[in-house]
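Engineer: For reference, the structure I am asking about is given below.
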Amino acid sequence: MVAEDLPARGPQPDGSEVVRVLSYNIRSLRDDRTALARVVRACAPDLVCVQESPRFWFPRPQAAWLARSTGLFLLSGGRSASGPLLLGRLRAAPLSVHDMLLPRTPGLHQRGFATTVLRIGRAAPFSLTSCHLSLNADERFAQCRMLLDHLEQVRARSGAAHSIVGGDFNEHPGDAGWELLDERLQDGWATAPWGSEYTSVPERPYQRLDAVFATPGVTVLACGVPDRLTGVRAADLTAATDHLPVLATLRIPAAG
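Heads up, the sequence shown is in our numbering, so the first residue is -3 and it goes up one at a time.
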């Protein structure tokens, strides 16, 4: 599949919806924020899972700037999830919010999950989660377990049968935590590779730390780094932040 062959998004005849989900670590908007906004707009996502949104210096106005500059709306996250943030287009109707902070290991950063249950068109409700896991291997593995438990708890509370997760996992495919997620979720790139694989570092990508995962009921149509997508400039990708984004095209089943 070449860059121009991304499946068309929108409502399908059977009541399902094809959506674009972007996952992006923005390093607290410390780099070229106008380049970052251009990248997001060029990807034309329906939903965005942000990692490292600003937490300490005017976090709400900066999150509002990001939403406004990309033509999106704030869904949840930010300080309530210690960095992860969710953005979406107007057609993504939020039904409930399930942000949470994770247990903190002394000396390590506070982590959390930003989660919103959404409905788009006639598709079934689904949860969307953004996460940024620990640099410490033991804590990270525990957080992978917590993530799976969190998705199950949100499903039980909300009735949303499907889940999508975008994040900076600080793991590599094959690592223990990644394998744990692979047992229950679909790795977007491994399921339907498109674009490029590696997300770090932008100047010389050599590893995949970022991913979009989905529960089995969601159909992964394409997933990867949008470095060949029309409108995404190579110079913007390297100037925007210290990670490359991951863009996934997914089909959410119809309700019922």
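We put the CB at the ideal spot given by N, CA and C, even for glycine.
Predicted, not measured: the structure shown is a model, and the values here were computed from it.
Am I right that Ser302 and Gln203 are in contact with their C-beta atoms under 8 Å? What's the rounded C-beta distance?
Structural biologist: Because residue 302 is not part of the residues shown, which for the chain are -3 to 252, the question remains open.
Engineer: Does the beta-carbon of His168 have 16 or more other beta-carbons within 10 angstroms, so that it is buried, or is it exposed?
Structural biologist: In the sequence shown, counting from the first residue as 1, residue 168 sits at position 172. Answer is exposed; the Cβ neighbour count stays below 16.
Engineer: Using the C-alpha atoms, what's the distance from Ala40 back to Gly67?
Structural biologist: The residue labelled residue 67 in the question sits at position 71 within the sequence shown. The residue labelled residue 40 in the question sits at position 44 within the sequence shown. Roughly 9 Å between the two C-alpha positions.
Engineer: Can you give me the C-alpha to C-alpha distance between Ser265 and Ser49, rounded to a whole angstrom?
Structural biologist: This structure cannot settle anything about residue 265, because the visible part of the chain is limited to -3 through 252.
Engineer: Just to check, is the beta-carbon of Gly117 closer than 7 Å to a non-hydrogen atom of the ligand FMN?
Structural biologist: As presented, the structure is devoid of all ligands, the ligand FMN included, so that no description of it is given.
Engineer: Report the option in Arg141, Trp61 and Asn166 whose CA atom is closest to the CA atom of Leu98.
Structural biologist: Mapped onto the sequence shown, residue 98 falls at position 102. That would be Arg141, whose Cα lies nearest to the Cα of Leu98.
Engineer: Ignore the nearest five residues each way along the sequence and tell me which others in Leu243's own chain have a CB closer than 6 Å to its CB.
Structural biologist: What you label residue 243 is simply residue 247 of the sequence shown in a count that begins at 1. Excluding sequence neighbours, Leu243 sits near Leu18, Cys39 and Pro222.
Engineer: Exposed or buried, which one is Arg64 when buried takes at least 16 other CB atoms within 10 Å?
Structural biologist: For the purposes of this step, residue 64 is identified with residue 68 of the sequence shown, where counting begins at 1. Counting Cβ neighbours within 10 Å, Arg64 comes out exposed, since fewer than 16 surround it.
Engineer: Hey, His94 and Val150: beta-carbon distance below 8 Å or not?
Structural biologist: As a working mapping, residue 94 is identified with position 98 in the sequence shown. As a working mapping, residue 150 is identified with position 154 in the sequence shown. Yes, they are a contact pair.
Engineer: Mind checking whether Leu2 and Ala235 have CB atoms under 8 Å apart?
Structural biologist: One-based indexing of the sequence shown puts residue 2 at position 6. One-based indexing of the sequence shown puts residue 235 at position 239. No.
Engineer: Thinking just about the alpha-carbon of each residue, which of Leu82, Pro121, His105 and Ser92 is nearest to the one in Pro249?
Structural biologist: Here residue 249 refers to the residue found at position 253 of the sequence shown. For the residues Leu82, Pro121, His105 and Ser92, the minimum Cα distance to Pro249 belongs to Pro121.
Engineer: Cutting at 7 Å between CB atoms, please list the residues of its own chain near Arg180, excluding the five before and the five after it.
Structural biologist: Translated into the one-based positions of the sequence shown, residue 180 becomes position 184. If we look at Arg180 and ignore the five residues flanking it on each side, its Cβ neighbours are Leu144.
Engineer: Which same chain residues end up closer than 6 Å to Leu131 when comparing Cβ atoms and leaving out the 5 residues on each side of it in sequence?
Structural biologist: Position 135 of the sequence shown, counting from 1, holds the residue named residue 131. Once the five neighbours on either side are set aside, the close Cβ partners of Leu131 are Asn166.
Engineer: Who are the near neighbours of Val161 in its chain, counting only those whose CB is closer than 6 Å to its CB and skipping five residues on each side?
Structural biologist: Your numbering for residue 161 matches position 165 in the sequence shown. Cβ within range, chain order: Thr125 and Phe209.
Engineer: Count the CB pairs spanning the region 101 to 113 and the region 68 to 75 that are closer than 8 Å, and state whether there are at least three.
Structural biologist: yes
Engineer: Nearest-angstrom Cα distance between His239 and Gly117?
Structural biologist: Walking along the sequence shown from the start, residue 239 turns up at place 243. Walking along the sequence shown from the start, residue 117 turns up at place 121. So the two alpha carbons sit approximately 32 Å from each other.
Engineer: For Arg34 and Asp206, I'd like the C-alpha separation in whole angstroms.
Structural biologist: Taking the first residue of the sequence shown as position 1, residue 34 is located at position 38. Taking the first residue of the sequence shown as position 1, residue 206 is located at position 210. Cα to Cα, Arg34 sits roughly 20 Å from Asp206.
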